[in-house]
Amino acid sequence: MNYIDTLRDQLREMGTSFVETMPSLAIAIFIMLVTWIVARFGVKISDAIVGRTEIRSSLKNLIDTIVKLAIWLTGLFIAAVVVIPTLTPASLLAGLGIGAVAIGFAFQDIFENFLAGVLIMVREKMRIGDIIECEGITGKVEHITLRETHVRKLSGELSVVPNSILFKNPVEILTDVDQRRHEVVVGVSYDTNLDHAADVIRRAVEGIDDVLASKGVDIFAQEFNSSSVDFLVRWWAGSTPRSGWESKDKVVRKVKAALDEAGIEIPFPYVTHTFKETVPVSQLGDTGKRAP
5 MNYIDTLRDQ LREMGTSFVE TMPSLAIAIF IMLVTWIVAR FGVKISDAIV GRTEIRSSLK
65 NLIDTIVKLA IWLTGLFIAA VVVIPTLTPA SLLAGLGIGA VAIGFAFQDI FENFLAGVLI
125 MVREKMRIGD IIECEGITGK VEHITLRETH VRKLSGELSV VPNSILFKNP VEILTDVDQR
185 RHEVVVGVSY DTNLDHAADV IRRAVEGIDD VLASKGVDIF AQEFNSSSVD FLVRWWAGST
245 PRSGWESKDK VVRKVKAALD EAGIEIPFPY VTHTFKETVP VSQLGDTGKR AP
């Protein structure tokens with residue numbers, strides 16, 4: 005019976021305490037509602053102020069996140085003080101310090117991506133809309149959050165990439181500038197006058213609209229291949245992958261037409277058979293018939 009009485013007394017005290025804290029809880033809920041409203045207006049005000057500047061979209065998102073986070077932390081602290089009057093900033097910071105250590109170990113990857121997201125948003129390179137290549141992923145940056153970056157592949161799929169991967173690994177930004185250099189290999193036969201062939205190729209490439217002839221066209225005799233002498237042809241065009249593909253298509257077509265018109269052969273691989281002893285023609289024919 006003593007246990008039952010003790011339990012009854014404890015439940016009665018808990019109920020009385022809950023009833024006494026009802027007004028404080030109601031005020032705390034009201035404070036949270038006000039915090040939600042203020043956070044929304046705060047973000048709109050931040051957008052209005054930042055929108056007048058030429059700030060990057062990723063940095064704008066970071067500012068909005070910081071404003072929203074600051075408002076919510078303030079509202080949560082005020083609501084906690086209302087519910088727990090004995091709570092002070094010093095005791096709250098002490099509790100947060102102890103809890104931060106435990107949370108840091110438990111959510112190490114999350115905090116790593118969070119910090120990497122902040123640094124990615126702050127740095128000047130890799131903006132929204134850039135086409136990047138990292139760890140086998142090539143695509144357009146569509147959105148950057150504090151934890152992950154959304155990259156739309158050139159084939160249409162969306163890749164959600166943790167920010168730590170983009171921060172710790174080399175990232176190639178293909179559209180950092182408006183133009184970049186493209187190249188293709190062109191082979192000509194060994195009996196070709198190389199100076200004449202190089203001049204024909206140069207005039208063909210410089211006559212293409214998509215090629216920036218003002219930045220120069222490079223024609224280098226590169227190597228003696230098995231059936232041809234190969235030229236490395238380099239030119240400047242748009243930096244996006246599609247611009248590169250389109251310009252390369254035009255260069256290949258125009259060079260092929262120009263070499264055909266000049267009577268310069270683009271050889272396919274030749275195969276030469278060498279026999280140590282003379283083989284009669286009739287024996288060659290018989291061998292050919294017996295071949296499977």
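To convert a position in the sequence shown, counted from 1, into my numbering, add 4.
C-beta atoms are modelled at their ideal positions from N, C-alpha and C, and glycine is treated no differently.
Nearest-angstrom beta carbon gap, residue j and residue i [assumed within contact, 8 angstroms]
i: residue 188; j: residue 260; result: Their Cβ separation, rounded to whole angstroms, is 11 angstroms, which puts residue 188 and residue 260 out of contact at 8 angstroms.
i: residue 239; j: residue 215; result: 5 angstroms
i: residue 82; j: residue 35; result: 6 angstroms
i: residue 192; j: residue 232; result: 6 angstroms
i: residue 147; j: residue 248; result: Actually they do not touch by this definition, with Cβ atoms about 25 angstroms apart.
i: residue 138; j: residue 170; result: 6 angstroms
i: residue 255; j: residue 237; result: 7 angstroms
i: residue 268; j: residue 196; result: 5 angstroms
i: residue 217; j: residue 198; result: About 22 angstroms; that fails the 8 angstroms criterion.
Residues of its chain near residue i, where Cβ-Cβ distance is below 7 angstroms and the 5 sequence neighbours each way are ignored
i: residue 75; result: 39, 42, 43 and 46
i: residue 164; result: 152 and 154
i: residue 175; result: 130, 136 and 138
i: residue 288; result: Confidence is the limiting factor: at residue 288 the pLDDT is only 47, short of 50, which leaves the residue's position unreliable, though a coordinate-based value still follows. Nothing listed; no residue qualifies.
i: residue 173; result: 138 and 139
i: residue 1; result: Given that the chain is displayed from residue 5 to residue 296, the structure contains no residue 1 and the question cannot be resolved.
i: residue 271; result: 191, 193, 231 and 232
Per-residue DSSP class, three states only, for residue i
i: residue 280; result: coil
i: residue 266; result: coil
i: residue 86; result: helix
i: residue 115; result: helix
i: residue 45; result: helix
i: residue 275; result: coil
i: residue 110; result: Annotation note: pLDDT 48 at residue 110 (below 50); position unreliable, coordinate value reported separately. Reduced to three states, the DSSP call for residue 110 is helix.
Cutoff 6 angstroms; reference residue i; Cβ partners in own chain excluding five residues on either side
i: residue 117; result: 151, 166, 167 and 168
i: residue 262; result: 204 and 208
i: residue 72; result: 43 and 47
i: residue 16; result: none
Cβ-based neighbour list, residue i, same chain, cut-off 8 angstroms, excluding 5 preceding and 5 following
i: residue 258; result: 208, 209, 211 and 212
i: residue 206; result: 221 and 223
i: residue 244; result: 135, 178 and 179
i: residue 29; result: 87
3 or more residues per run - each beta strand (DSSP E) lying fully within the stretch 121-184: Taken in chain order, the whole beta strand (DSSP E) runs of length 3 or more contained in the stretch 121-184 are 135-138, 141-148, 152-157 and 162-166.
Alpha helix (DSSP H) runs wholly inside the stretch 177-228, at least 4 long, in chain order: With a minimum length of 4 residues, the continuous alpha helix (DSSP H) runs that stay inside the stretch 177-228 are 198-210.
Touch test, the stretch 218-232 against the stretch 164-181, Cβ-Cβ under 8 angstroms, three pairs minimum: With the cut-off at 8 angstroms, the stretch 218-232 and the stretch 164-181 do not touch.
Three-pair Cβ contact test at 8 angstroms for the stretch 149-161 versus the stretch 121-139: By the Cβ rule, the stretch 149-161 counts as touching the stretch 121-139, because three or more pairs are nearer than 8 angstroms.
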